[in-house]
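First to last, the protein sequences are chains R and X.
For what it's worth, the working numbering labels the leading residue of the first sequence as 1, then goes sequentially.
For what it's worth, the working numbering labels the leading residue of the second sequence as 1001, then goes sequentially.
C-beta: ideal position from N, C-alpha, C; glycine also.
As the structure is a computational prediction, the values presented were derived from the model and not from experiment.
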Amino acid sequence: MTERISSREQLNALRDKYTAAIEHEPVRILVCAGTGCQASGSLAVWEKMSELAAGTEVSVEFGAEIAHGKNFPAVHKSGCLGFCEQGPLVRIEPLGVLYTKVKPEDCEEIFDVTVRNKDIVHRLLYKNKITGEECFNQDEIPFYKGQTRVVLRTCGKIDPESIDEAIAAGEYQALAKALFTMSQEEVIKTVLDSKLRGRGGGGFVAGKKWQQVAGQPEKIRYIVCNGDEGDPGAFMDCSIMEGDPHRMIEGMIIAAYAVGAQEGYIYVRAEYPLAVKRLNLAIKQATERGLLGDNILGSGFSFRLNINRGAGAFVCGEGSALTASIEGKRGMPRVKPPRTVEQGLFGKPTVLNNVETYANVPQIILDGAEWYRSIGTENSPGTKTFALTGAVRNTGLVEVPFGITPRKIIFDIGGGIRNDKKFKAVQIGGPSGGCLTESQLDEPLDFDSVKKLGVIVGSGGLVVMDEDTCMVEVARFFMEFTHRESCGKCVPCREGTLRMLETLERIVAGQGEMKDIDELRTLADLIIHTALCGLGKSAPLPVVSTLNAFPEEYIAHIQDKKCPAHVCQKLKQYIIDEAKCRSCSKCARGCPVQAIDGKPKVPYVINQDKCIKCGACQSACPFKAIYVA
Amino acid sequence: MLDQSFYTKTDEILSKYPAQERSLIPIIHEVQEAYNYVPLELLPYIAKHIGITETKAYSVASFYERFSFEPKGKYIIRVCDGTACHVRNSLPVLERLREELGLSSQKKTTDDMLFTVETVSCLGACSLAPALMVNDHVHPAMTPDKATEMLKTLREEDAKS
Ligand SMILES: Cc1cc2nc3c(=O)[nH]c(=O)nc-3n(C[C@H](O)[C@H](O)[C@H](O)COP(=O)(O)O)c2cc1C
Ligand code: SF4
């Protein structure tokens, strides 16, 4: 039976007890069990490690005295360490060594060398890609060096399925501080003073929302967490929910205390089964411990938390659609006002914040508003997590202070472009954002600066694109996404995105005309100004942004019928290199539309009019004689 | 007409939730998890139980992409077409799967009910792009050849069970 914590003193005593217990673990093996590492097979590594640990007693040289019978290595699953590209990751404490790309076969060696003899398995260390040097621990790896971890400070260091570890790591301390030493007004004031801004895309000042909800005459109030993260190319919230669910839950309880809410909801994408599982577990454990539910920590304050799963509609990330979905309705945005803070969930005043926004709250309460404002920039204090993906060497989850330049993120942390290709653009803000080009890489990255560049910080997807990416195709991709996800409530979005998509499809198929560019701009303007919700209003942005930054690519598609990056299928030309062709006839036999002719001893030729650009000939050619122009 | 067992199972699910409109989506989720799809015949039954109209239940269930009224295969393969996967060539993987299984964007499930192939806008495994998910399991860094290999493994797994 788990102990219920009914006072601040008991919480502190438990924290000390668990901290001591962890220190007494002679060796602590943390196997990353985030979505990325699990996909790379980390659970098999964890199983093998656990098996080995069960039979291995180790002599203990680190740490303090040993609790009786505790001298077995402890194996835990941890949350996302961020460096997903190099997964499965294994961290061994107290040595602090980080092993990359670990396979079950490596486990015995790790046990022999590191666990028993405190030595290093050199081949599993990360090697600096430029200097070739071995990196012993996280701090030596360039990927981590440039980061500042506030929200992710515990992520990867504790087992997210154990509330004891969260308590040992100091979680729920901020809640106790708020409940026992601060008035509701003081909590709101601290959050206001910290200038914490919403991380879900809009950048709205969180404290203001809280203040507005606290000031409503209606006393039934709700706290809602937006974990819908529908932006394709983003997984920050996913990692937080999976890796350190208690931090975010603690933030929600503090918000509830501040505004006097009795009940809360976490809305999570159904595509994140692991996050759903861990959140459910975290809520169950917190409730058993008396950190959720009635009379939290004996303070007299009560708060219940529920989880709702999304069902695959991107538009449900929008506030009013999200609350409609929790109510059991179609997730469609409604006209505002009334705003969510006045009439949100079930028509009651509601605080709606993003996962990362809530996860920032506990540290602000603990260390104060001034400390928080010392990180980041004046108007965008704190850090932001980004999902760094695409054509960059080190992909993964990063957390950096606002004001950092995109160049630092991509080239220092990200290690530059893969396969020594050339950087072309970085897409920020997903389907509601746009791209930054080479000349904009040294601008500070914060809410207000990027707005001036015509893009938004958005939720935090950073997709790096190299010279092999066709920007027109990228614009088409996003437009297809927003069109598919449009809820259909208002005409500019429903029909406008379709018109824009059709135009883009014509252009990538080589059937565009120069007037299409003007038409795209006119439609974009119309949709931006007349659509009801953020989905429609921002849908044209990826098109406008690529039109501004890469007009020549659009023109190449339209006038020269060429795709400069050789991506657009219909504009590809398959050509047989006469010098390499041995007239083997394999290509002609492989062509599904008989577009290839030839005779023995004479190079074969592709009839471009008949060719459907399927690429079958290229795969069929044993001499690599067929290339794409 | 659905077998009585469907209603027994549904009763079991219904008993877990308050009989209110807000329970509709969680209930449909669970029904879909039990059968891999939402049998249309169950909607009026659920609607009546939680006190909403049949049309309302249908309008909600049909709004959400994730709910399907068509039976799905034993293995549901969701190919990620998020931005990161898209720029790292997820399309050829999707095409290979469809080609091998004789499926298309219209026909999503094989006749033997073993496989369903669909796309999903993001799985959150962007750093291991291109990724796909088989039921709840993510497969990273896919290529068309790995996809073929994966189908083979799944077929073997099915033959054993
Ligand atoms: C179409 C659309 C999708 C959105 N998706 C999300 C999302 O996935 N996660 C999120 O936190 N906010 C999303 N938002 C923003 C929310 O409407 C809302 O501003 C946010 O959750 C508020 O929290 P914050 O102030 O903490 O950022 C979306 C907005 C729109 C218009
Ligand atoms: S802008 Fe689009 S998504 Fe938003 S309400 Fe209108 S149709 Fe729906």
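Residue-level contact to chain X via CB, residue i, 7 angstroms cutoff
| i | result |
| --- | --- |
| R/Arg309 | yes |
| R/Ala67 | Here the model assigns R/Ala67 a pLDDT of 37, short of 50, so the residue's position is not dependable, and the following value carries that caveat. Chain X, which has no Cβ nearer than 7 angstroms to the Cβ of R/Ala67, makes this no. |
| R/Arg330 | yes |
| R/Phe62 | In this prediction, R/Phe62 has a pLDDT of 38, which is less than 50 and means its spatial position is unreliable; what the coordinates show is noted afterwards. No, R/Phe62 does not count as interfacial toward chain X. |
| R/Pro273 | yes |
| R/Pro232 | yes |
| R/Thr2 | no |
| R/Val276 | no |
| R/Gly376 | no |
| R/Gly390 | yes |
| R/Lys70 | Low confidence applies here, because R/Lys70 scores a pLDDT of 47, under 50, leaving its location unreliable; read the following figure in that light. Chain X contact via Cβ: absent. |
| R/Phe423 | no |
Closest by C-alpha distance to residue i, when choosing among the options
| i | options | result |
| --- | --- | --- |
| R/Leu124 | R/Thr469, R/Pro88, R/Val150 | R/Pro88 |
| R/Pro338 | R/Ser380, R/Pro245, R/Val213, R/Arg373 | R/Val213 |
| R/Glu480 | R/Pro542, R/Thr530, R/Asp525, R/Lys129 | R/Pro542 |
| R/Ser380 | R/Gly251, R/Ile404, R/Gly41, R/Asn394 | R/Ile404 |
| R/Gly293 | R/Thr383, R/Ala258, R/Ile253, R/Tyr267 | R/Ile253 |
| R/Met514 | R/Leu279, R/Ala556, R/Val602, R/Arg476 | R/Ala556 |
| R/Glu161 | R/Lys277, R/Ile130, R/Phe180 | R/Lys277 |
| R/Tyr172 | R/Arg476, R/Gly458, R/Ile364, R/Ala531 | R/Ile364 |
| R/Asp468 | R/Glu553, R/Val544, R/Thr482, R/Phe386 | R/Glu553 |
| R/Asn306 | R/Leu297, R/Leu352, R/Glu318, R/Cys225 | R/Cys225 |
| R/Asn419 | R/Asn394, R/Asp164, R/Lys157, R/His76 | R/Asn394 |
| R/Ile517 | R/Ala475, R/Lys537, R/Glu105 | R/Ala475 |
| X/Leu1043 | X/Ala1034, X/Asn1036, X/Glu1054 | X/Glu1054 |
Short Cβ contact (7 angstroms threshold) for residue i with residue j
| i | j | result |
| --- | --- | --- |
| R/Glu399 | R/Leu152 | yes |
| R/Ala391 | R/Met465 | yes |
| R/Ala616 | R/Cys591 | yes |
| R/Ile375 | R/Pro401 | yes |
| R/Met232 | X/Gly1082 | Before going on, a small fix: residue 232 of chain R reads as Pro here, not Met. Yes, the Cβ-Cβ distance between R/Pro232 and X/Gly1082 is below 7 angstroms. |
| R/Phe623 | R/Arg589 | no |
| X/Arg1088 | X/Pro1039 | no |
| R/Gly251 | R/Cys80 | no |
| R/Ile120 | R/Tyr18 | no |
| R/Ala539 | R/Thr482 | yes |
| R/Lys223 | R/Ala255 | Per the sequence shown, residue 223 of chain R should be read as Ile rather than Lys. Closer than 7 angstroms, so yes. |
| R/Val27 | R/Val115 | yes |
Heavy atom of ligand 3 within 6 angstroms of residue i beta-carbon
| i | result |
| --- | --- |
| R/Asp228 | The ligand content of the structure shown is limited to ligand 1 and ligand 2, which means ligand 3 is not among them. |
7 angstroms Cβ cutoff, residue i in contact with chain R
| i | result |
| --- | --- |
| X/Glu1054 | no |
| X/Phe1069 | no |
| X/Thr1109 | no |
| X/Tyr1064 | yes |
| X/Pro1140 | yes |
| X/Ile1128 | Inspection of the sequence shows that residue 1128 of chain X is occupied by Leu rather than by Ile. Taking Cβ atoms only, chain R reaches closer than 7 angstroms to X/Leu1128, which makes this a yes. |
| X/Val1185 | Residue coverage of chain X in this structure runs from 1001 to 1161, which leaves residue 1185 of chain X outside it and unanswerable. |
| X/His1049 | no |
| X/Ile1013 | no |
| X/Val1087 | yes |
| X/Gly1102 | no |
| X/Ser1105 | no |
| X/Asp1136 | yes |
Test: residue i CB closer than 7 angstroms to a CB of chain C
| i | result |
| --- | --- |
| R/Gly347 | Note that chain C does not occur in the displayed structure, where the protein chains are R and X. |
Inside the stretch 14-43 of chain R only - beta strand (DSSP E) runs reaching at least 3 residues: 28-32
What are the residues of the stretch 457-471 of chain R that lie near chain X, defined by any Cβ-Cβ distance shorter than 7 angstroms? Gly461, Val463, Met465, Thr469
Runs of beta strand (DSSP E) wholly within the stretch 550-597 of chain R (minimum 3 residues, chain order): 574-576
Residue ranges of each beta strand (DSSP E) within the stretch 281-346 of chain R, 3 or longer: 304-309
Looking at chain X, which residues of the stretch 20-45 of chain R have a Cβ within less than 8 angstroms of any of its Cβ atoms? Thr35, Gly36, Gln38, Ala39, Ser40
Could I get the ranges of all uninterrupted alpha helix (DSSP H) runs contained in the stretch 153-198 of chain R, with 4 residues as the minimum, in chain order? 163-168, 173-181, 184-194
Closer than 8 angstroms, Cβ to Cβ, to anything on chain R: give me those residues from the stretch 1023-1036 of chain X, in chain order. Ser1023, Leu1024, Ile1025, Pro1026, Ile1028, His1029
In chain order, each alpha helix (DSSP H) run of at least 4 residues that lies wholly inside the stretch 68-112 of chain R: 107-110
Considering only residues of the stretch 395-432 of chain R, which uninterrupted beta strand (DSSP E) runs meet the minimum length of 3 residues and lie entirely inside it, listed in chain order? 396-401, 423-428
If we require 3 or more residues per run, which beta strand (DSSP E) segments fall completely within the stretch 1059-1131 of chain X? 1075-1080, 1115-1120
Would you list, in sequence order, the uninterrupted alpha helix (DSSP H) runs of no fewer than 4 residues that lie entirely inside the stretch 233-273 of chain R? 236-243, 245-259
Kindly provide the ranges of any beta strand (DSSP E) runs that are 3 or more residues long and lie completely inside the stretch 457-522 of chain R, ordered along the chain. 461-466
Quick one: which residues of the stretch 590-610 of chain R get their C-beta closer than 9 angstroms to a C-beta of chain X? List them in chain order. none
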